[in-house]
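Accompanying notes for the structure given below.
In the working numbering, the protein residues as written are 71 to 179.
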């Protein structure tokens, strides 16, 4: 699979934030940098920011149309348990640290 377009600075920030979490491993998902816990992808750096897996109700509560958007795959299909976090500056993802922890807890439950 070919490499996809993504922001290298976002990937570096995710590596810094996520690879220090117990059990988290770097991987690939659909050609993008991804992060797994117990072999399951909980986050990845995509072409439009960072996507994370959370319960559908939590995703719906987070979506604001600005920074937090529904995660859509190329054909326009929305993944109901994924939210796309779209921040300009990579360091701004630090304010989402709690969401990444929620995602890990969700996949471990």
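Note that the Cβ used here is the ideal one computed from N, Cα and C, for glycine as well. Note that the structure is predicted; figures quoted are calculated from it, not measured.
Candidates 86, 152, 141, 145, of which the one nearest residue 172 by Cα: Residue mapping note: residue 172 aligns to position 102 of the chain shown, counting from 1. Selected option, being the one with the closest Cα: 152.
Those runs of the alpha helix (DSSP H) which lie wholly inside the stretch 95–159 and span at least 4 residues: 126–132
Beta-carbon proximity list for residue 88, same chain, < 7 Å, skipping 5 on both sides: Residue 88 sits at position 18 when you count from the first residue of the chain shown. Closer than 7 Å at the Cβ level, and outside the excluded window around residue 88, lie 94, 105, 113, 170.
Three-way DSSP call (helix, strand, coil) for residue 72 in this model: Counting from 1 along the chain shown, the entry for residue 72 is found at position 2. Its pLDDT being 45, under 50, residue 72 is placed unreliably in this model, and the value from its coordinates should be taken loosely. It is coil, neither helix nor strand.
Contact under 8 Å by Cβ, residue 139 with residue 160: Within the chain shown, the letter at position 69 stands for residue 139. Within the chain shown, the letter at position 90 stands for residue 160. No; because the gap between Cβ atoms is not below 8 Å, this pair is not in contact.
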